[in-house]
Amino acid sequence: MSPFASLAVCMLSMAAGLQASSLRPNQYSVIILCLSLAWLWFDGPNAPGFGLSLGSGWVVLNQAVDRLAPLD
Numbered sequence: 001m002s003p004f005a006s007l008a009v010c011m012l013s014m015a016a017g018l019q020a021s022s023l024r025p026n027q028y029s030v031i032i033l034c035l036s037l038a039w040l041w042f043d044g045p046n047a048p049g050f051g052l053s054l055g056s057g058w059v060v061l062n063q064a065v066d067r068l069a070p071l072d
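Number 6 in full-length UniProt numbering belongs to position 6 of the sequence shown; there are no gaps in the numbering.
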């Protein structure tokens with residue numbers, strides 16, 4: 001990755017972080033899941049994309065089950 005591309009990724013990450021600070025924490029996993037699935041769709045199979053989609057998908061599944069059948 002060129003230095004300019006690395007700087008662009010850094011700046012985009014900072015901008016995304018500023019926007020994400022206005023979201024509720026339970027929305028993070030859905031956003032990460034959608035972005036990682038899009039990454040896998042466009043870039044093909046890769047370990048980081050698969051790991052992000054697997055982990056965030058698991059969190060989304062757990063949140064859905066907790067909402068449907070709370071343990072309280």
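Note that CB positions come from ideal geometry on N, CA and C, so glycine has one too. Values in this document were obtained by computation on a predicted structure and should not be read as measured data.
Alpha-carbon to alpha-carbon, residue j and residue i
i	j	result
Ala5	Gln19	21 angstroms
Leu7	Ile31	23 angstroms
Gly44	Phe50	10 angstroms
Leu12	Leu35	14 angstroms
Leu40	Leu61	19 angstroms
For residue i, the three-state DSSP class (helix, strand or coil)
i	result
Ala69	coil
Gly44	coil
Ser22	coil
Cβ-based neighbour list, residue i, same chain, cut-off 6 angstroms, excluding 5 preceding and 5 following
i	result
Leu37	Ser53
Same chain only: Cβ atoms within 7 angstroms of residue i, ignoring 5 sequence neighbours per side
i	result
Val59	Ser29
Contacts around residue i, its chain only, beta-carbon distance under 8 angstroms, and the 5 residues preceding and following it disregarded
i	result
Gln63	Asn26, Ser29
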